[in-house]
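Residue numbers (the working numbering): 6 to 332.
Structural data, given as structure tokens:
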């Protein structure tokens with residue numbers, strides 16, 4: 006099969022598109038013929054040698070999600086059949102024509118959803134669902150602040166929160182992206198570079214502050230996150246695009262009775278990932294099938310042009326997901 010291989014650590018040019026052996030499924034695994042996959046920030050970090058794959062995942066083939074059809078089933082895999090259309094998350098190896106994973110990590114692709122759209126679902130929507138409900142305990146009527154909202158996780162979090170009856174304040178530095186976030190249902194879309202950002206966020210929350218922060222930035226957003234947080238608010242740290250180290254005012258967290266929690270999917274034990282997929286399938290797949298949630302695809306590129314996709318993501322020029330197709 007063809008795959009994207011990290012020949013050595015460095016810039017996008019280190020990525021090689023070459024033939025590698027097909028993976029063989031274990032007893033409870035299935036092998037998927039990948040039709041489309043998507044790019045994530047973790048793939049850029051892995052390429053640079055800053056985020057190695059966990060044990061058991063391919064060390065030199067990036068890619069955390071896929072959409073495709075079941076090709077082969079292990080001897081104890083009974084839930085799926087060859088030809089089933091599925092999507093899912095993997096700990097690595099997704100940027101290839103075939104992947105193997107435990108069958109219970111697969112999600113059925115709703116009818117009518119294209120390969121490209123399905124490939125934009127797993128990592129972004131599972132991460133957003135986990136952050137909003139399992140980490141933050143989001144309730145209808147609450148107000149959510151989403152940093153870096155034009156990203157895949159950001160656009161997913163905005164839609165999921167809106168579908169659950171929450172109000173969303175979405176941040177992006179691009180005027181065009183802010184317009185598109187408003188079209189997706191954001192109550193307000195301020196510019197994070199504006200000097201009165203905290204005031205704009207509080208005004209959008211009717212002066213009460215935000216109940217939940219979905220933070221993909223980390224250090225650069227920390228002070229504003231705490232300042233606009235409502236009493237008993239929750240900050241869920243999803244990414245560190247703005248840095249990993251900052252000064253923390255513990256008194257502010259104490260006075261607000263705040264909760265701060267981090268989340269990551271890739272390194273979780275298998276059973277935890279299976280439980281997340283199960284809950285997402287029960288609660289969110291019906292909304293995808295009904296069109297109430299829409300994967301946001303910025304553009305599609307052939308898998309062999311992964312280096313160009315990496316450069317595009319590094320420029321922050323995309324809105325939503327960058328998808329790679331294998332055909």
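For every residue, glycine included, the Cβ atom is placed at its ideal position computed from N, Cα and C.
Report the rounded CA-to-CA distance for residue 286 versus residue 85, giving the unit in angstroms. 15 Å
Do you know how far the Cα of residue 260 is from the Cα of residue 113? 45 Å
Could you check where the alpha helix (DSSP H) with residue 208 kicks off and where it finishes? 202 to 209
Let me know if residue 70 comes out buried or exposed under the rule of 16 or more other beta-carbons within 10 Å of its beta-carbon. buried
Hey, could you find the ends of the alpha helix (DSSP H) residue 279 is sitting in? 275 to 288
Would you be able to state if there are at least three C-beta pairs under 8 Å between the stretch 167 to 176 and the stretch 299 to 309? no
Buried or exposed for residue 51, please, with buried defined as at least 16 other CB atoms from any protein chain shown within 10 angstroms of its CB. buried
Straight-line CA distance for residue 210 to residue 154? 17 Å
So, at 6 Å on beta carbons, what are the nonlocal neighbours of residue 90 in its own chain, with the 5 sequence-adjacent residues on each side left out? 74, 114
Start-to-end residues for the alpha helix (DSSP H) that takes in residue 260: 255 to 261
Would you call the stretch 263 to 275 in contact with the stretch 238 to 247, where contact means no fewer than 3 C-beta pairs closer than 8 Å? yes
May I have the straight-line CA-CA distance separating residue 19 from residue 65, to the nearest angstrom? 11 Å
Residue burial classification, residue 28 (beta-carbon count within 10 angstroms, cutoff 16): buried
Just mark residue 107 as buried or exposed, buried being the case when its beta carbon has 16 or more other beta carbons within 10 Å. buried
Among 144, 255, 243, the one whose alpha carbon lies nearest that of residue 270: 243
Buried or exposed: which applies to residue 100, given that a residue is buried once 16 or more other Cβ atoms fall within 10 Å of its Cβ? buried
C-alpha distance - residue 159 paired with residue 220, whole-angstrom precision: 9 Å
Which full runs of the beta strand (DSSP E) of 3+ residues lie inside the stretch 289 to 326, going along the chain? 302 to 307
Using the C-alpha atoms, what's the distance from residue 36 back to residue 137? 31 Å
Using 8 Å as the cut-off, classify the Cβ of residue 37 as near or not near the heavy atoms of the ligand SAH, replying yes or no. Ligands displayed in this structure: none; no statement on the ligand SAH is therefore possible.
Taking the alpha-carbon of residue 7 as reference, which of 15, 21, 279, 31 has the nearest alpha-carbon? 21
Beta carbon of residue 174, beta carbon of residue 161: below 9 Å? no
If you reduce the DSSP assignment to three classes, tell me which class residue 179 lands in. coil
Our contact map puts residue 328 next to residue 43 with C-beta atoms below 8 Å; I'd like the distance itself, whole angstroms only. 5 Å
Out of curiosity, what's the CA-to-CA distance linking residue 97 and residue 217? 30 Å
Is it right to say residue 149 is buried, meaning 16 or more other beta carbons lie within 10 angstroms of its own, or is it exposed? buried
What is the C-beta distance between residue 123 and residue 41, in whole angstroms, given that I count them as a contact (C-beta under 8 Å)? 7 Å
Any idea what DSSP makes of residue 129, helix, strand or coil? helix
Residues in its own chain within less than 6 Å of residue 105 by CB, not counting five upstream and five downstream? 28, 30, 34, 36
Taking the alpha-carbon positions, what's the residue 235 to residue 214 distance? 4 Å
Residue from 54, 126, 208, 24 with nearest C-alpha to residue 102: 24
Range of the contiguous alpha helix (DSSP H) that encloses residue 48: 46 to 52
Who pairs with residue 14 in a beta bridge, going by DSSP? Answer by DSSP bridge pairing: none, since residue 14 is not bridged.
Who are the near neighbours of residue 341 in its chain, counting only those whose CB is closer than 7 Å to its CB and skipping five residues on each side? Because the chain in this structure spans residues 6 to 332, residue 341 falls outside the shown range and cannot be described.
Could you check which residue in 26, 164, 199, 165 has the C-alpha nearest to that of residue 179? 199
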